[in-house]
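Notes for the one structure printed next.
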Amino acid sequence: MSKTTAIVSGGFTSSALSPPIYTLAIVSINPSSGKSSLCKRLIDSNIDEYRLFSLKNKSINKQNLATWFYWGTVKHRRSDEKREALFHLIEHSTIAIDDNEQYDNYIKRITSLTLRADEKFHSDSDYPQIKTFPKDKITIDAFLCIHDLSSTRRISELLFLLHALYKTRRPVIIITTKNDLIDNQSDLALQFEQSIRHSSSSDSHFLLNTPIIHTSSNEHINIQGVLELALYACDEPILLSSKKSPHVTAQMSKYIPSSYKDAYTNEQSLKHVIQAEYKTLLTRHVSDHQLGSWMKFYTAWQHHASIKNFIDMFGKQQAEHLYDEHIDELKKAARQKLIDEKLIPIVELLVTDQKTKLSR
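Under numbering that gives the first Met the number 0, the first residue of the sequence shown carries the number 0, and numbering increases by one thereafter.
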């Protein structure tokens with residue numbers, strides 16, 4: 000691909016130095032749907048940072064903090080390498096029960112297409128991951144509608160929210176969360192999709208065509224698939240408008256997200272590869288058990304891709320554990336070598352000498 004031009008599906012081009020910027024609004028009726036966990040995973044793939052956030056997140060009542068939160072910006076390149084974009088992530092807080100917020104007012108608030116920066120919660124020591132939005136006003140390009148698949152909440156609440164979102168005429172993506180907590184995930188996911196697709200309402204056409212993706216923030220399953228779907232969804236209006244130009248032959252392409260089962264299998268395969276690469280690095284570059292501690296090794300190699308990828312996926316503690324295991328193996332090998340080179344010849348010499356004495 001050229002350094003100056005990115006080829007876009009649909010026949011038009013854009014500068015690779017200035018990818019499009021889209022703003023995604025993450026919304027849910029359920030206050031425990033896992034919106035914040037998903038946002039954290041979308042922004043930062045590091046497992047240690049996610050675990051720390053999860054522990055702190057449980058002790059914070061975000062209902063009283065603000066109407067919405069800005070998580071920052073994440074860049075995503077499509078899997079076919081033909082398009083990339085920057086995404087601003089906006090998480091709407093749940094309905095303010097403590098402030099007696101009316102349900103209709105809540106729906107109106109989270110479906111607003113224009114947000115003002117002074118309406119949000121500004122970061123402090125209790126919630127440092129919340130960023131300051133770079134502009135005074137924000138225009139929403141698409142909605143990520145979150146549903147906790149492990150919950151027993153009625154689907155009618157979700158349909159009510161979707162009805163309001165469809166009225167905005169912005170792309171909508173349905174994201175189910177906490178799939179790792181479900182034993183019969185495949186059956187429940189299929190049942191959920193059928194309930195959405197076959198719902199008898201005035202939104203049946205939209206419900207039939209709204210993409211659905213099943214995720215797990217804890218296990219990092221289908222997280223990149225969310226951004227992939229969002230990029231296709233946000234690009235779609237551009238492609239549709241480009242068809243009106245006689246100079247452009249736009250061809251719509253669709254992205255079908257992986258099932259949770261397939262995404263889980265792919266994630267496990269990726270984990271295996273990343274772990275193997277890290278172990279290979281240790282084998283090649285740590286050949287002496289006297290080279291030093293883990294911290295010394297980490298300081299010297301922390302910027303290597305194999306180490307960064309491993310720590311992102313497994314955590315620094317696991318990286319140190321495998322390093323210590325590798326050092327222990329080297330120590331065992333060194334002891335065995337010492338035995339082979341020093342002790343065994345002495346034993347053989349003694350045995351030979353004893354046989355000589357007996358033969359006399």
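Where is the CB? At the ideal position from N, CA and C, for every residue including glycine.
> What residue ranges within the stretch 269-329 form continuous alpha helix (DSSP H) runs of no fewer than 4 residues, ordered along the chain?
Replying inline: 293-300 and 304-313
> Is the stretch 326-333 in contact with the stretch 229-237, if contact means three or more CB pairs nearer than 8 Å?
Replying inline: no
>> Measuring alpha carbon to alpha carbon, tell me which residue in Thr-72, His-87, Phe-205 and Gln-316 is nearest Thr-167.
In response: Start at 1 with the first residue of the sequence shown, and residue 167 comes out as number 168. If we check each option's Cα against that of Thr-167, Phe-205 comes out closest.
> Does the distance from the CB of Thr-214 to the CB of Asn-178 come in under 9 Å?
Replying inline: Sequence index remark: in the sequence shown, residue 214 carries index 215 (1-based). Sequence index remark: in the sequence shown, residue 178 carries index 179 (1-based). Yes, these two residues count as a Cβ contact at 9 Å.
> How about Tyr-254 and Ile-220: do their beta carbons lie closer than 9 Å?
Replying inline: Walking along the sequence shown from the start, residue 254 turns up at place 255. Walking along the sequence shown from the start, residue 220 turns up at place 221. No, the pair does not count as a contact, with Cβ atoms beyond the cut-off.
>> Which residue wins for smallest C-alpha separation from Thr-72, given the options Gln-190, Ile-20, Gln-223 and Lys-136?
In response: Position 73 of the sequence shown, counted from the first residue, corresponds to residue 72. Of the listed residues, the one whose Cα sits closest to Thr-72 is Ile-20.
>> So for Val-73, helix, strand or coil by DSSP?
In response: Taking the sequence shown and counting its residues from 1, one reaches residue 73 at position 74. DSSP places Val-73 within a strand segment (E or B) once states are collapsed to three.
> Assuming His-91 and Trp-67 make a contact with CB atoms under 8 Å, what is their CB distance in whole Å?
Replying inline: Within the sequence shown, residue 91 is the residue found at index 92, counting from 1. Within the sequence shown, residue 67 is the residue found at index 68, counting from 1. That belief holds up - the Cβ atoms of His-91 and Trp-67 are roughly 5 Å apart, short of 8 Å.
> With 16 other CB atoms within 10 Å as the buried threshold, where does His-75 fall?
Replying inline: Here residue 75 is taken as the residue at index 76 of the sequence shown, counted from 1. It is buried - the Cβ of His-75 has at least 16 other Cβ atoms within 10 Å.
>> So for Glu-218, helix, strand or coil by DSSP?
In response: For this step, residue 218 is matched to residue 219 along the sequence shown. Residue state, collapsed to three classes: coil.
>> Alpha carbons only, please: which of Gln-316, Asp-147 and Asp-103 is nearest the one belonging to Ser-216?
In response: Taking the sequence shown and counting its residues from 1, the one referred to as residue 216 is at position 217. For the residues Gln-316, Asp-147 and Asp-103, the minimum Cα distance to Ser-216 belongs to Asp-147.
>> Whole angstroms are fine: how far does the CA of Ser-258 sit from the CA of Phe-52?
In response: Sequence index remark: in the sequence shown, residue 52 carries index 53 (1-based). Sequence index remark: in the sequence shown, residue 258 carries index 259 (1-based). Whole-angstrom Cα-Cα distance: 27 Å.
> Counting Cβ pairs, one atom from each stretch, are 3 or more of them under 8 Å apart for the stretch 306-313 and the stretch 265-280?
Replying inline: yes
> What do you get for Ala-299, buried or exposed, if any count of 16 or more other CB atoms within 10 angstroms of its CB means buried?
Replying inline: Against the sequence shown, residue 299 aligns to sequence position 300. The residue in question, Ala-299, is exposed, as its Cβ has fewer than 16 Cβ neighbours within 10 Å.
> Is Ser-17 helix, strand or coil by DSSP?
Replying inline: Here residue 17 refers to the residue found at position 18 of the sequence shown. Of the three classes helix, strand and coil, the one that applies to Ser-17 here is coil, per DSSP.
>> Using the Cβ count rule (16 or more neighbours within 10 Å means buried), how would you classify Ala-333?
In response: Walking along the sequence shown from the start, residue 333 turns up at place 334. The Cβ neighbour count for Ala-333, taken over all protein chains shown within 10 Å, is under 16; the residue is labelled exposed.
>> Measuring only the C-alpha atoms, how far is Asn-56 from Ile-145?
In response: In the sequence shown, residue 56 corresponds to position 57, counting from 1. In the sequence shown, residue 145 corresponds to position 146, counting from 1. Asn-56 and Ile-145 have their alpha carbons spaced roughly 18 Å apart.
> Which residues in the same chain have their Cβ closer than 8 Å to the Cβ of Lys-411, if we skip the five residues on either side of it in sequence?
Replying inline: Past the boundaries of the shown model lies residue 411; the chain is included only from 0 to 359, so the question cannot be answered.
>> Give the list of continuous beta strand (DSSP E) stretches no shorter than 3 residues that lie fully inside the stretch 138-169.
In response: 141-147
> What's the gap between the Cα of Tyr-102 and the Cα of Leu-157?
Replying inline: Locating residue 102 in the sequence shown gives position 103, where the first residue counts as 1. Locating residue 157 in the sequence shown gives position 158, where the first residue counts as 1. Rounded to whole angstroms, Tyr-102 to Leu-157 spans 13 Å at the Cα level.
> Cβ of Tyr-322 versus every heavy atom of the ligand ADP: is any distance shorter than 8 Å?
Replying inline: As for the ligand ADP, it is missing from this structure, which has no ligand bound.
> Leaving out five residues before and five after Ser-149 in sequence, what residues of the same chain have Cβ atoms less than 6 Å from its Cβ?
Replying inline: Locating residue 149 in the sequence shown gives position 150, where the first residue counts as 1. The residues are Lys-177, Leu-180 and Ile-181.
> From Glu-218, Ser-185, Ile-306 and Ile-139, pick the residue whose C-alpha is nearest to that of Ser-36; which is it?
Replying inline: Looking up residue 36 in the sequence shown gives position 37. In this structure, Glu-218 is the residue among Glu-218, Ser-185, Ile-306 and Ile-139 with its C-alpha nearest to the C-alpha of Ser-36.
> What do you reckon, are the CB atoms on Val-26 and Thr-110 nearer than 9 Å?
Replying inline: Your numbering for residue 26 matches position 27 in the sequence shown. Your numbering for residue 110 matches position 111 in the sequence shown. Cβ atoms of Val-26 and Thr-110: closer than 9 Å.
> Which of the three DSSP states, helix, strand or coil, is assigned to Thr-66?
Replying inline: By 1-based counting over the sequence shown, the position of residue 66 is 67. Coil, per DSSP.
> Buried or exposed: Glu-80, going by 16 or more other Cβ atoms within 10 Å of its Cβ?
Replying inline: Here residue 80 corresponds to residue number 81 of the sequence shown, with the count starting at 1. Answer is exposed; the Cβ neighbour count stays below 16.
>> Please identify the residue among Asp-186, Asn-183 and Ile-195 whose C-alpha is closest to the C-alpha of Ile-174.
In response: As a working note, residue 174 is residue 175 in the sequence shown. When each option's Cα is compared against that of Ile-174, the closest is Ile-195.
> So what does DSSP say about Phe-132, is it helix, strand or coil?
Replying inline: Residue mapping note: residue 132 aligns to position 133 of the sequence shown, counting from 1. If DSSP states are grouped into helix, strand and coil, Phe-132 belongs with coil.
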